[in-house]
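Peer 1: So for the sequence shown, this note's numbering puts the first residue at 3; every next one is plus one.
Beta carbons: idealized from backbone N, C-alpha and C, even for Gly.
Quick one: the structure is below, and I'll ask about it shortly.
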Amino acid sequence: MQKTNIVHWVRFALTGLGLVLNVIVLPTILMLTALLRIIPIRPLQTFSQHLAIGIAQTWIAINSALFRWFLPTKMTSNVPDTVQANRSYLVVSNHQSWVDIVVLQAIFNRKAPFFRFFLKRELIYVPIMGLAWWVLDFPFMRRLTKEQIAKNPELKNRDKQETIRRMQKFKDVPVGIMLFLEGTRFTQAKHDKQQSPYQHLLKPRAAGAAYALSVLSDKLDQVIDATISYPHGVPTFVEFLMGKCAEIHVDVQVRPIPLALRQGDYETNKAFRVEFQNWINGMWQEKDAQLAQIVSDHSDFSHPKN
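Structure below.
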């Protein structure tokens, strides 16, 4: 037992050190590309976008190599050959652990376009990474309360316009708009509180997907629907770095975007909103059935409780 614990901590130390060094070196180089952005020449700015993405993909490749070298985790996926790095996609996934992010980056790196996540605005102040996300044009969103919106309705519109402005930059390069539609990580406590109709998922929030499509309707080609499963139990990120996650599988399906859902006002058109929600709910029903089958095949599976 003691020997096993030592092995886990050695794996954690080696992988963690590699990640720290990588997060210092590559994003620092990445930030230098920001200097090209201030030169008001469109071709040069587009070149800086491609250069920044190339550096970010190298960063992901190094992280993925560290996981292969030091961790025993078996990571499998079935990314279809039809997924291409020179096309643009709306990417949706279930969300159970912070490990989900590095898993998706690992399996799609250089097979699909570089993924952008919607980030809380506060994350821009994270040392090194906050500026790196800004250089890579990640959309930053404010989390406004109902009270804040009621007091100053203009805040919501201002945030929306700023996000639209940043997303317009994706019209020049292939992009994957990555959304965890549940809006938070799955835990049994959240599931019970929400009274989710799904066995292994929280209720999806369709508004984010509708928002992305409304801005980039003519840019996004298809939906990449990823279902992440941890057959032997969902790990924390620390447990993952310690090598305590035996297996991860990602099932990937590519779906068309219905033409009727590319154009419509989700906020004001009730019929459109219901149709869009039904489309998302249909994907979630299939995803829940997949996860239920995986759980039934593995007696040691358990959900995070909190």
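If we ignore side chains and look at the alpha-carbon of each, how far apart do A15 and L243 end up?
Peer 2: In the sequence shown, residue 15 corresponds to position 13, counting from 1. In the sequence shown, residue 243 corresponds to position 241, counting from 1. Whole-angstrom Cα-Cα distance: 8 Å.
Peer 1: Is L92 closer than 8 Å to L204 when the C-beta atoms are compared?
Peer 2: Here residue 204 refers to the residue found at position 202 when the sequence shown is read from its first residue. Here residue 92 refers to the residue found at position 90 when the sequence shown is read from its first residue. No, the pair does not count as a contact, with Cβ atoms beyond the cut-off.
Peer 1: Along the chain, where does the beta strand (DSSP E) containing T229 start, and where does it finish?
Peer 2: Translated into positions along the sequence shown, residue 229 becomes position 227. Taken as a continuous stretch (DSSP letters only), the beta strand (DSSP E) holding T229 covers 224-231.
Peer 1: Name the DSSP beta bridge partners of H251, please?
Peer 2: Working through the sequence shown from its first residue, we reach residue 251 at position 249. DSSP lists T78, S231 as partners of H251.
Peer 1: Out of curiosity, what's the CA-to-CA distance linking N271 and E156?
Peer 2: For the purposes of this step, residue 271 is taken as the residue at position 269 of the sequence shown. For the purposes of this step, residue 156 is taken as the residue at position 154 of the sequence shown. Rounded to the nearest angstrom, the two C-alpha atoms are 21 Å apart.
Peer 1: With distances taken between CB atoms, is the gap from H202 to L293 smaller than 8 Å?
Peer 2: Along the sequence shown, read from residue 1 onward, the residue named residue 202 stands at position 200. Along the sequence shown, read from residue 1 onward, the residue named residue 293 stands at position 291. Result yes, Cβ atoms of H202 and L293 sit closer than 8 Å.
Peer 1: With distance defined between alpha-carbon atoms, name the residue in A63, L222, E241, V236 nearest to R257.
Peer 2: For this step, residue 257 is matched to residue 255 along the sequence shown. Checked all of A63, L222, E241, V236; the closest Cα to R257 is L222.
Peer 1: With F120 as the anchor, note down where its alpha helix (DSSP H) starts and where it stops.
Peer 2: Indexing the sequence shown from 1 puts residue 120 at position 118. Counting along the chain, F120 falls outside any alpha helix (DSSP H), and DSSP gives it neither H nor E.
Peer 1: Assuming N283 contacts P206 under a Cβ cut-off of 8 Å, what Cβ separation, rounded to an integer in Å, is found between them?
Peer 2: In the sequence shown, residue 283 corresponds to position 281, counting from 1. In the sequence shown, residue 206 corresponds to position 204, counting from 1. Sure, about 7 Å apart at Cβ, within 8 Å.
Peer 1: Excluding sequence positions up to five away, which residues of its chain have a Cβ less than 6 Å from the Cβ of M3?
Peer 2: Position 1 of the sequence shown holds residue 3. Confidence at M3 is low in this model, with a pLDDT of 48, below 50, so its placement is unreliable and no value can be given for it.
Peer 1: Taking just the CA atoms, how far does L183 sit from L261?
Peer 2: Translated into positions along the sequence shown, residue 261 becomes position 259. Translated into positions along the sequence shown, residue 183 becomes position 181. In a straight line, the C-alpha of L261 is about 21 Å away from that of L183.
Peer 1: Assuming contact is defined by CB atoms lying nearer than 8 Å, are I259 and Q287 in contact in what I supplied?
Peer 2: In the sequence shown, counting from the first residue as 1, residue 259 sits at position 257. In the sequence shown, counting from the first residue as 1, residue 287 sits at position 285. Cβ atoms of I259 and Q287: not closer than 8 Å.
Peer 1: Who are N111's beta bridge partners in DSSP?
Peer 2: Taking the sequence shown and counting its residues from 1, the one referred to as residue 111 is at position 109. Per DSSP, A114.
Peer 1: Identify which residue in G185, I130, I8 has its Cα closest to the Cα of W100.
Peer 2: By one-based count along the sequence shown, residue 100 stands at place 98. The candidate whose alpha carbon is nearest that of W100 is G185.
Peer 1: As an exercise, report each continuous alpha helix (DSSP H) stretch of at least 4 residues that is fully enclosed by the region 155-209, in chain order.
Peer 2: Segments of the alpha helix (DSSP H) lying fully in the region 155-209: 156-169, 190-196.
Peer 1: Roughly how far, in whole angstroms, is the beta-carbon of S95 from the beta-carbon of I296, given that I think they are within contact range, below 8 Å?
Peer 2: Here residue 95 refers to the residue found at position 93 when the sequence shown is read from its first residue. Here residue 296 refers to the residue found at position 294 when the sequence shown is read from its first residue. With 8 Å as the limit, S95 and I296 do not qualify as a contact, their Cβ atoms being about 15 Å apart.
Peer 1: For A248 and A58, what's the separation of their Cα atoms in angstroms?
Peer 2: Stepping through the sequence shown from its first residue, residue 248 is reached at position 246. Stepping through the sequence shown from its first residue, residue 58 is reached at position 56. If I take the Cα positions, the gap works out to 27 Å.
Peer 1: Kindly list the residues whose CB is nearer than 6 Å to the CB of R44, restricted to its own chain and excluding five residues on each side of it in sequence; keep chain order.
Peer 2: Position 42 of the sequence shown, counting from 1, holds the residue named residue 44. Here the set comprises nothing.
Peer 1: Taking just the CA atoms, how far does I250 sit from K2?
Peer 2: Because the chain here runs from 3 to 308, residue 2 falls outside it and cannot be looked at.
Peer 1: Under the assumption that K188 contacts H97 (Cβ atoms under 8 Å), give the Cβ distance between them as a whole number of angstroms.
Peer 2: Working through the sequence shown from its first residue, we reach residue 188 at position 186. Working through the sequence shown from its first residue, we reach residue 97 at position 95. According to the sequence provided, residue 188 is Phe. The question's Lys does not apply to it. Rounded, the Cβ-Cβ distance is 6 Å, consistent with contact.
Peer 1: Give, in chain order, every unbroken run of the alpha helix (DSSP H) that is at least 4 residues long and sits entirely within the region 33-99.
Peer 2: The region 33-99 contains these whole alpha helix (DSSP H) runs: 36-39, 44-72.
Peer 1: So F116 and I55 are supposed to be a Cβ contact under 8 Å. How far apart are they, rounded?
Peer 2: In the sequence shown, the residue the question calls residue 116 occupies position 114. In the sequence shown, the residue the question calls residue 55 occupies position 53. Indeed they touch by this definition, with Cβ atoms about 5 Å apart.
Peer 1: Starting from the Cα of L106, find the closest Cα among R89, R168, W71, G178 and give me that residue.
Peer 2: Stepping through the sequence shown from its first residue, residue 106 is reached at position 104. Out of R89, R168, W71, G178, G178 has the C-alpha closest to the C-alpha of L106.
Peer 1: Just the C-alpha distance for E241 and S79, rounded to the nearest angstrom, thanks.
Peer 2: As a first step, residue 241 is located in the sequence shown; it is residue number 239 there, counting from the start. As a first step, residue 79 is located in the sequence shown; it is residue number 77 there, counting from the start. Their backbone Cα atoms lie some 21 Å apart in a straight line.
Peer 1: Measure the alpha-carbon distance for S50 versus V175 and round it to whole angstroms.
Peer 2: Position 48 of the sequence shown, counted from the start, is the residue given in the question as residue 50. Position 173 of the sequence shown, counted from the start, is the residue given in the question as residue 175. So the alpha carbons of these two residues sit roughly 11 Å apart.
Peer 1: Which residue comes first and which comes last in the alpha helix (DSSP H) that contains G245?
Peer 2: Counting from 1 along the sequence shown, the entry for residue 245 is found at position 243. Segment: none, G245 is in no alpha helix (DSSP H) and carries neither H nor E.
Peer 1: What residues match up with R13 in a beta bridge as DSSP calls it?
Peer 2: The sequence position of residue 13 within the sequence shown is 11, counting from 1. The partner list for R13 (beta bridge, DSSP) is empty, contrary to what the question assumes.
Peer 1: Looking only at its chain, what residues have a beta carbon closer than 7 Å to the beta carbon of Y200, apart from the 5 residues adjacent to it on each side?
Peer 2: As a position in the sequence shown, residue 200 is number 198, starting the count at 1. Closer than 7 Å at Cβ, skipping near neighbours: W286, D290.
Peer 1: Beta-carbon separation of M169 and V137 under 8 Å?
Peer 2: As a position in the sequence shown, residue 169 is number 167, starting the count at 1. As a position in the sequence shown, residue 137 is number 135, starting the count at 1. No, the pair does not count as a contact, with Cβ atoms beyond the cut-off.
Peer 1: List the DSSP bridge partners of F142.
Peer 2: The count along the sequence shown starts at 1 and reaches residue 142 at position 140. F142 pairs with L121.
Peer 1: Beta-carbon separation of L181 and A211 under 8 Å?
Peer 2: Taking the first residue of the sequence shown as position 1, residue 181 is located at position 179. Taking the first residue of the sequence shown as position 1, residue 211 is located at position 209. Yes, they are a contact pair.
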